[in-house]
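Position 54 of the sequence shown, counting from 1, maps to 87 under this note's numbering, and the rest follow consecutively.
For glycine and all other residues, C-beta sits at the position ideal for the given N, C-alpha and C.
Fair warning: this is a prediction, and the values are worked out from it, not measured in the lab.
Contents: one structure, followed by commentary.
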Amino acid sequence: MSTYPRRQVLGAAALAAAGATVALSAPPAAARSGGAAAPGPGWVQVPAPVPVPLDAQFDNDGIDTASARGGDFDGSGYTFPGEELPTGSVDVDGVSFVLASSAAGARNNVVALGQRIDLPKGRYLSALFLTAGSYGNASGTATVHYADGSTTTAGLGGSDWYSGGGPLSVPYRYTPDGTKDMHPVGLGTAEVWMDPQREAVALTLPVTNPAEAGRTSLHIFALSLQPAAQGRALALRDAHSTSSLLESSGAQSVEATVVNAGTLPVLAGDDVAVSVDVPGARTVEPARIRRLDPGEQARVRIGIRNRAGTTPGTAHSGAVTVHGRGQRVTSATRELTLGVPDYRPTDASLAGHQAPYWFHRAKFGIFIHWGVYSVPAWSPVGAQYAEWYWNHMQSPDNAVYAYHAQTYGKDFAYDDFIPMFTAERFDPRAWVELFRDAGAQYHVLTSKHHEGFALWDTKVSDRNAVKMGPRRDLVRELFDASRKYTPELHRGLYFSMPEWFNPDNPWTGHGPRNPYTLEPLPYTGYTTGKDYVEDYQARQMLELIHGYDPAVLWCDIGGANDSLTVLAEFFNHGKNRPKPYEVAVNDRSGIAFHDFTTPEYTTYDNTVVAKWEASRGLDPFSYGYNKATPDDRYMTAEEVVRSLVDIVSKNGNFLLDIGPRADGTIPEIMQTRLRETGCWLRTNGEAIYDTTYWSRMAQLGEDLRFTVRENEAFYIHSLTEPGSTLTVEAPVPVRSGDKVTMLGHDRPLTWTTRGGSLVIDVPEAARKAGRYVWVFKVEWHG
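See below:
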């Protein structure tokens, strides 16, 4: 049997009545717990996962070898390399899966098209899958069937295999002609919650698309079931060391997921704690679990410090152990890296970094697109990005081509807008105080967009806001104001990796030119003859890192880069800051490594455990200011709040964009929407900030979302105004003695459980106290 530790990866998790993709079960027996003994008195052993053969359902050959060809995973002839993937029994952090053969012509996965899979009759906590999506992240609704004829529905998904992450990640894929495409591809994990009070007999897969070019399909490679333990039981999953520091103590964090795999709840009196025993370090901050209902999961962080003489980066085998009621419950032996050594410019070294905890807590940020494009500020409303004005000008078929000629004339070059980008009314203090009042926890300014005009005092080109246009260091002014007037906000910078018309490396394939005559034009302020990456791009990124100290580096587009070197310096530079202070980078720097993914003008359908951040403008479809957009086309505050709640319930952050005018003023409609959002957050923010997703489901139907404040409270978000009662047909973690309230309405609400549902009485006064989204809090006691 091959054994693979789980890595945090992009993967879809549950919708209604489903578990999150925190996959991979705890060690079910001593052999999977590093030789651990049986749990102490009062605790029972967690049964081993049960692999379910899928041979009868397999309908796709997605794995080839160099000598055995003929597969077609995605409908375009690409396949996984069989030389790199195991076959047969494979253990992924304690869960046994069975992977099929990669022999020529052998089918080894099933494309989800609504097939019914018979299960060994039993009571299970969850179904765990090895999955992958082709042509995008794939998801849909699965149905669990029980012996009594009842069903539950659940979201099941898989991340795009081309994202390269996953517990089974390989360095290349085979092309249709059998050559190696040296881009990592991978299998991810997904988990569907099942009702352990009922005997499951079958599972119906979601209906996605056949495996065809350009169509998103969900592929299932393996399925295992996690039986429920009868009694008080805890399982330990995904235990691993991290490079992150706990903000409470500055100690290095070891992370793990604890699952209540039994039929009895964990309460404060059970005194459950998780600690680490490893040579060379000691536990200084154990993780405590005060409330965990059957089937629930808690992501915990244990703080450790190196002992004297232990060099950062030292690897030792150690035990992550759960204790409860004075007894040892379960344990997992793992190879742990002790301390955080300097990062090196290699894939392997950067892979140890992850999104900092402040970024997980923050949830809401403000994106600011501001540059020379803010002068013309025009595109067809809701159709294309206004900040792409210069690029749109190049195409006779684009509306901007005709608009520019009619408005400015065919001889008016894009760079002629630079003197008109004045920032004369830019008030950085007003900006950051607006962001604070909106309830944002961080802001990200475009330091340089694809037009190549830098908003800071870059030394490698005169094409910047200090030498031309405003003749001010706009990044410096904003950051200084933020540090002085809103020090609680984290500051980030957007940076475009390529430039459309940079003569030394034009993204479009040509330097600047008159789109009507095709005559070449100067790239104002720029001296050609540079190595674009080494002499220009990387140097500008390092200027931002060392000169402005951003907490987030939000890269865009990718392409040619030296990001391994730049990001290693970005992370190491943080070592000069007060501890703990950590930084984050997104997934667009041109390399596989990232701390978070960035869907734009869209979100994920289900929970994604690997950190993500959705962005969009208040504008219907533009980040930069579009003067053609009427006020009634901007997002309403209700739409902003509902988007925020939906994103946060699925483990995302929401980076909401505004587009200031060229003079530095923020349109009044944008200010109004931000302040209205902030008003809602002042009442309901405790259900947003520093919360996590519910491991069983992200949403119930169209109107209900859920968040959790671990050990403290459970929140139900109603996206529509409730009636006199709110019925939640889901296994809400609520017990006798718990207090239910609605945020903004201080009086306790009457509630009961009925037929497995939570029913809350909602008086008229409570309904009137809410707005946009009504948030109900289950405050845990005992």
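| Check | Outcome |
| --- | --- |
| Look up glutamine 360 in the DSSP assignment and give the residues it is bridged to. | Gly357 |
| Would you check if the distance between the CB atom of glycine 191 and the CB atom of arginine 102 is smaller than 7 Å? | no |
| Alpha carbon to alpha carbon, how far is isoleucine 624 from tyrosine 168? | 19 Å |
| Given asparagine 339, which residues of its chain have a CB within under 8 Å of its CB, disregarding the five upstream and five downstream residues? | Gln285, Gly313, Ala314, Pro345, Thr347, Leu371 and Gly372 |
| To the nearest angstrom, how far is the alpha carbon of valine 465 from that of arginine 780? | 35 Å |
| Would you kindly report the start and end of the unbroken alpha helix (DSSP H) that includes aspartate 679? | 670-682 |
| Would you list the one or two residues that DSSP bridges to cysteine 588? | Phe528 |
| Nearest by alpha-carbon distance to aspartate 105: which of Val125, Val143 and Phe445 is it? | Val143 |
| Return the chain-ordered ranges of every beta strand (DSSP E) run that is complete within the stretch 329-355 and spans a minimum of 3 residues. | 330-339 |
| Comparing C-alpha positions only, which one of Ala294, Arg496, Pro653 and Arg504 sits nearest to phenylalanine 534? | Arg496 |
| Whole-angstrom Cβ separation of proline 597 and leucine 526, contact assumed at under 8 Å? | The residue asked about is misnamed: residue 597 is leucine in this sequence, not proline. That belief does not hold up - the Cβ atoms of leucine 597 and leucine 526 are roughly 19 Å apart, past 8 Å. |
| May I have the straight-line CA-CA distance separating valine 642 from aspartate 723, to the nearest angstrom? | 15 Å |
| Near tyrosine 436, what residues of its chain come up, given a Cβ to Cβ distance below 8 Å and the 5 sequence neighbours on each side ignored? | Trp411 |
| Just confirm the distance between the C-beta atoms of alanine 617 and phenylalanine 629, as a whole number of angstroms; I'd bet it's less than 8 Å. | 6 Å |
| Between His814, Thr716, Glu797 and Arg742, which has its C-alpha nearest valine 806's C-alpha? | Thr716 |
| Going by DSSP, what residue range makes up the beta strand (DSSP E) through arginine 156? | No beta strand (DSSP E) holds arginine 156; DSSP gives it neither H nor E. |
| Report back the beta-carbon spacing between alanine 233 and glycine 155 to the nearest angstrom; my notes put them in contact at under 8 Å. | 7 Å |
| May I have the straight-line CA-CA distance separating alanine 498 from alanine 799, to the nearest angstrom? | 51 Å |
| State the start and end residues of the unbroken beta strand (DSSP E) segment that holds methionine 27. | Residue 27 is absent from the model: the chain starts at 34 and stops at 815. |
| By DSSP's criteria, phenylalanine 534 is part of a beta bridge. Which residues make up the other side? | Per DSSP, none; premise fails for phenylalanine 534. |
| At the level of alpha carbons, what is the spacing between alanine 69 and threonine 184? | Residue confidence for alanine 69 is low, a pLDDT of 49 falling below 50, so the modelled location carries little weight; the figure read from the coordinates is stated next. Using only the alpha carbons, I get a separation of about 37 Å. |
| Would you call the stretch 734-754 and the stretch 672-682 in contact, with 3 or more CB pairs under 8 Å? | yes |
| How many angstroms separate the CA atom of glutamate 368 from the CA atom of valine 353? | 10 Å |
| Please say whether tyrosine 581 and phenylalanine 486 have beta carbons closer to each other than 7 Å? | no |
| How is glutamine 732 classed by DSSP in three states: helix, strand or coil? | strand |
| Are the CB atoms of phenylalanine 397 and phenylalanine 687 nearer to each other than 7 Å? | yes |
| Which parts of the stretch 199-245 are runs of the beta strand (DSSP E), unbroken and 3 residues or longer, counting only runs that do not cross its ends? | 201-203, 218-226 and 233-237 |
| Distance, Cα to Cα, alanine 601 vs arginine 621? | 16 Å |
| According to DSSP, simplified to helix, strand and coil, what is proline 413? | coil |
| Around the Cβ of glutamate 420, are there at least 16 other Cβ atoms within 10 angstroms (buried) or fewer (exposed)? | buried |
| Distance, Cα to Cα, valine 408 vs arginine 649? | 21 Å |
| Can you give the Cα-Cα distance for arginine 572 and glutamine 474, rounded to whole angstroms? | 29 Å |
| Can the beta-carbon of leucine 161 be found closer than 7 Å to that of valine 240? | no |
| Please return the same chain residues whose Cβ sits closer than 7 Å to the Cβ of aspartate 771, not counting the five positions on each side in sequence. | Val811, Glu812, Trp813 and His814 |
| Assign threonine 740 to one of three DSSP states: helix, strand, or coil. | strand |
| Is glycine 803 buried or exposed, if buried means 16 or more other CB atoms sit within 10 Å of its CB? | buried |
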